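A quick write-up on the structure given underneath.
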Amino acid sequence: MSDDHHPILPPSSAPALEECCHYKPTRRETAAMARGIRIHAAVQLWLEYEQQPTMGGLTDEEVKRVEQVVKWVNANVWKPCSEERLDVVDLDGREITFGTPDVAGYDMADKARSIVVELKCGEPRDVTAQLSLYALGAMEAHETELCRAVVLWLDHDIVEEYPTTFAECLNRALLLRDRVTNKTDGEQETRYCAWCGRREECGLWKRRASTALQVAEVDAIMHDVARRRLSEIAESPELTGAFLVAWAAAEKLIEGAGLRDKAKAWLAAGQEVPGWKLRAAPGRESVSVAALRAWAKESGVELPDDLITRGQDGVALIRDMPSKRNKEEK
Ligand code: SF4
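Mapping of the sequence shown onto the numbering used here: position 67 corresponds to residue 68, and the numbering continues sequentially without gaps.
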């Protein structure tokens, strides 16, 4: 296999892949990553070539970090190597992945044990999936059974240590390789979704986006009503037309969700639905209001303006508002 192929399980994507095995890494660079790259390059020059940071391009604070890291590495890592490629394979020699930990070597306190060190900027998060792959690669290269995996969180002065074993790391790597290769689980929402290269084709991501859009559409209508006021809208044919179209769209959303039927069912079951009540109409027959008005016109009968229509079941859902007489009595 050529050296420039991409592993199916890139160590830096392992934390995201453990949360969603469909995650696809994309190229991105944040301010924290750029800072990490600068500090990391200076540490590497110091460790490999004993070249102290020239301060070029580094802030005073970053130079201080570099000095702290080199001091920590010299005190804890025997025969440190920086940026050296580690191949990670299964027991049959088949590739799991490959990668370059920031520092790898032997534990100064127990030279029969490997050590891998990652330098991280930004907020501390769970990166043990990445560390575990590097630890496995280091133990395979050093022929050791134990590893001390360490993260130095540069922005927080935190040293996190994870002592681990060959069997533990191998099991975790094989499990993850199987999930990523065979896509054994469905898509899972993760904190890495915003950086995932599969967003446009991901069903879960699209469902969430369309839900958000629908809510935003209703919000926009209500915002427009509040901002313009109905009287202003009523003065313009364009605004009235646009408003009624938007309103009809909002009604369609409510109709599609079956909210009126739900409210009726709750009220019929005796549950309170604030602002609404049921009015039972006598009998089960209903008549078209248009036909009733035509009959009244022909017969010279005067009908009240606020005719209430009934649903097919003879029960109408109406707004529960105080009647005019009640208001006057107050
Ligand atoms: S966008 Fe989809 S595929 Fe990507 S990590 Fe999120 S849920 Fe998984």
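Note that beta-carbon positions come from the ideal geometry of N, C-alpha and C, so glycine has one too.
Since this is a predicted model, take the numbers as computed values, not measurements.
Apart from the 5 residues on each side of it in sequence, alanine 76 has no Cβ closer than 6 Å to any other Cβ in its chain. In the DSSP assignment, leucine 87 falls within the beta strand (DSSP E) that extends over 87–90. Membership of lysine 65 in the alpha helix (DSSP H) is indicated by the continuous run 61–77. DSSP places isoleucine 159 in the uninterrupted beta strand (DSSP E) bounded by 159–166.
Straight-line spacing of the CA atoms in glutamate 30 and glycine 37 works out to 11 Å.
For glutamate 84, same chain residues with a beta-carbon under 6 Å away, outside a window of 5 residues either side, are Gln45, Thr101 in chain order. Only residues of its own chain outside the window of five on either side were considered, and among them Val44, Trp47, Leu48 have a CB closer than 7 Å to the CB of valine 71, listed in chain order. Per DSSP, the unbroken beta strand (DSSP E) holding tyrosine 107 starts and ends at 104–108.
By the C-beta density criterion, glutamine 52 is exposed, having fewer than 16 other C-beta atoms within 10 angstroms. For lysine 121, the pairing in a beta bridge is given by DSSP as Trp154. For cysteine 82, DSSP records a beta bridge to Ala105. Where glutamate 190 is concerned, there is no enclosing beta strand (DSSP E), because DSSP gives it neither an H nor an E.
A straight-line Cα-Cα distance of about 27 Å links isoleucine 116 and histidine 6. If you look at glycine 100, you'll find it in the beta strand (DSSP E) that goes 96–100. Taking the Cα of proline 26 as reference, the smallest distance to any Cα among Leu87, Tyr193, Glu146 is reached at Tyr193.
Per DSSP, the continuous alpha helix (DSSP H) segment holding histidine 41 begins and ends at 32–50.
Apart from the 5 residues on each side of it in sequence, glutamate 190 sits with its Cβ closer than 7 Å to the Cβ of Leu205 in its chain, given in chain order. Spatial neighbours of isoleucine 97 in its own chain (CB-CB distance under 7 Å, excluding positions within 5 residues in sequence) are listed in chain order as Leu10, Val89, Val90, Asp91, Ala174, Arg178.
In this structure, glutamine 131 lies away from proline 275, with their beta-carbon atoms at least 8 Å apart. Note on glycine 138: 16 or more other CB atoms within 10 angstroms of its CB, so buried under the neighbour-count rule.
Proximity to serine 14 across Tyr135, Glu146, Asp262, Ala105 peaks at Tyr135, based on C-alpha coordinates. Residues lining the ligand SF4 by the Cβ criterion, that is a Cβ closer than 7 Å to any of its heavy atoms, are Ala17, Cys21, His23, Tyr24, Lys25, Glu188, Gln189, Glu190, Thr191, Tyr193, Cys194, Cys197, Arg199, Arg200, Cys203, Leu205, Trp206 in chain order. Within the DSSP secondary-structure output, serine 115 pairs in a beta bridge with Tyr107, Cys148. Proximity to glutamate 144 across Val118, Asp127, Val151, Gly106 peaks at Gly106, based on C-alpha coordinates. DSSP places glycine 138 in the uninterrupted alpha helix (DSSP H) bounded by 129–143.
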